[in-house]
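Reviewing the structure listed below.
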Amino acid sequence: MLEKIKAWCKENDTAISVLEKKCGLGNGTISGWEKSVPRVDSLIAVSKITGLSLDELIGTKNT
Numbered sequence: 359m360l361e362k363i364k365a366w367c368k369e370n371d372t373a374i375s376v377l378e379k380k381c382g383l384g385n386g387t388i389s390g391w392e393k394s395v396p397r398v399d400s401l402i403a404v405s406k407i408t409g410l411s412l413d414e415l416i417g418t419k420n421t
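Each residue of the sequence shown is one higher than the last, beginning at 359 in the numbering used here.
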């Protein structure tokens, strides 16, 4: 999941911190997902901003 978000940020020339702000998440939240499980509402916010489906984010759909 984190790798997909990082790839999206790179492709869209967007820092993770900027994505977090756009999603209404705290600073360091997305990076913290490397060691913790994100909340569903946080994933939905990231999905809406990035256009990545929840399936893509959680790895149940290969793209």
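Positions of the beta carbon are idealized from the N, C-alpha and C atoms, including for glycine. As the structure is a prediction and not an experimental result, all values here were calculated from the model.
| message | Counting C-beta neighbours from all protein chains within 10 Å, is the total for ALA403 16 or more, i.e. buried, or is it exposed? | response | Counting Cβ neighbours within 10 Å, ALA403 comes out buried, since at least 16 surround it.
| task | State yes or no: is the C-beta of LEU401 within less than 9 Å of the C-beta of TRP366? | result | In this structure, TRP366 does not lie closer than 9 Å to LEU401 by Cβ.
| Rounded to a whole number of angstroms, what is the C-alpha to C-alpha distance between GLY384 and GLY390? | Straight-line Cα distance between these residues: approximately 10 Å.
| message | Which residue wins for smallest C-alpha separation from VAL395, given the options LEU415, ASN370 and LYS380? | response | Closest option to VAL395, judged by alpha-carbon separation, among LEU415, ASN370 and LYS380: LEU415.
| task | Return helix, strand or coil for GLY390, following the three-state DSSP convention. | result | It is helical.
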